[in-house]
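Novice: With the working numbering, letter number 98 in the sequence shown gets 102, and the count goes up by one each step, no holes.
Every residue gets a Cβ at the ideal spot worked out from N, C-alpha and C, and that includes glycine.
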Amino acid sequence: MRVIGIDPGLRNMGWGVIDMDGPRLRHVANGICHSQPDGTLAARLLDLHAQLTEVMERFAPDTAAVEQTFVNKDAVATLKLGSARGIALLVPAQAGLEVGEYAPNAVKKAVVGVGKAAKEQVDHMVRMQLPGVEIAGPDAADALAIAICHAFHSQSARSMVLAGGAR
Numbered sequence: 005m006r007v008i009g010i011d012p013g014l015r016n017m018g019w020g021v022i023d024m025d026g027p028r029l030r031h032v033a034n035g036i037c038h039s040q041p042d043g044t045l046a047a048r049l050l051d052l053h054a055q056l057t058e059v060m061e062r063f064a065p066d067t068a069a070v071e072q073t074f075v076n077k078d079a080v081a082t083l084k085l086g087s088a089r090g091i092a093l094l095v096p097a098q099a100g101l102e103v104g105e106y107a108p109n110a111v112k113k114a115v116v117g118v119g120k121a122a123k124e125q126v127d128h129m130v131r132m133q134l135p136g137v138e139i140a141g142p143d144a145a146d147a148l149a150i151a152i153c154h155a156f157h158s159q160s161a162r163s164m165v166l167a168g169g170a171r
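#1: Tell me, please, whether the segment 42 to 54 touches the segment 22 to 32 by the rule of three or more beta-carbon pairs shorter than 8 Å.
#2: Below 7 Å CB to CB, which residues in the same chain sit around residue 129 once its five sequence neighbours on both sides are set aside?
#3: CA-CA distance, residue 51 and residue 125?
#4: For residue 16, which residues from the same chain have a beta carbon less than 7 Å from its beta carbon, with the 5 sequence-adjacent residues on both sides left out?
#5: Measuring only the C-alpha atoms, how far is residue 151 from residue 100?
#6: Can you give the beta carbon distance from residue 63 to residue 139, rounded, assuming they're within the 8 Å contact cut?
#7: Whose C-beta lies closer than 8 Å to the C-beta of residue 171 among residues of the same chain, with five residues either side of it excluded?
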């Protein structure tokens with residue numbers, strides 16, 4: 005199963021693609037979609053949509069996962085991030101994929117074992133689980149962590165279905 009993880013951001017939208025073969029995970033690719041900071045919101049969203057669509061077409065994932073947005077003190081920034089998150093949900097849905105959504109602390113707990121892990125710990129554990137990976141930046145590392153989290157959750161769900169069906 006091929007999984008794409010997406011870390012939504014209006015300026016930098018991280019993405020990471022992994023293959024899951026049973027308990028084995030293998031890095032496929034990762035990167036960051038960049039929007040022009042001086043463009044209008046609509047133009048920036050269109051730019052992110054086009055770039056992420058290209059990633060989806062190039063790597064043809066079977067499933068997708070997106071990090072849930074946290075609400076911060078700046079309502080305008082939160083709304084803009086929500087718009088970018090909409091693109092992160094829309095593009096895989098347009099490709100016919102189901103999209104899992106995970107809170108940041110759930111991703112950290114799945115990858116590091118602790119829900120309040122620092123970004124450096126997440127990056128380190130992603131590198132441990134995907135040996136030899138070259139990560140395009142912090143947003144791509146987060147996206148790979150989201151993909152790993154989704155792979156673990158998908159594997160657990162599949163195991164439960166098989167166990168229930170074996171009775």
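Specialist: If we stick to the structure as given:
#1: no
#2: 115 and 116
#3: Cα to Cα, residue 51 sits roughly 31 Å from residue 125.
#4: 36, 38 and 143
#5: Rounded to the nearest whole angstrom, the C-alpha separation of residue 151 and residue 100 is 17 Å.
#6: Between residue 139 and residue 63 the Cβ distance is about 16 Å, and since that is not below 8 Å, they are no contact.
#7: With a pLDDT of 41 at residue 171, under the threshold of 50, the modelled position of this residue cannot be trusted, and the question is left open.
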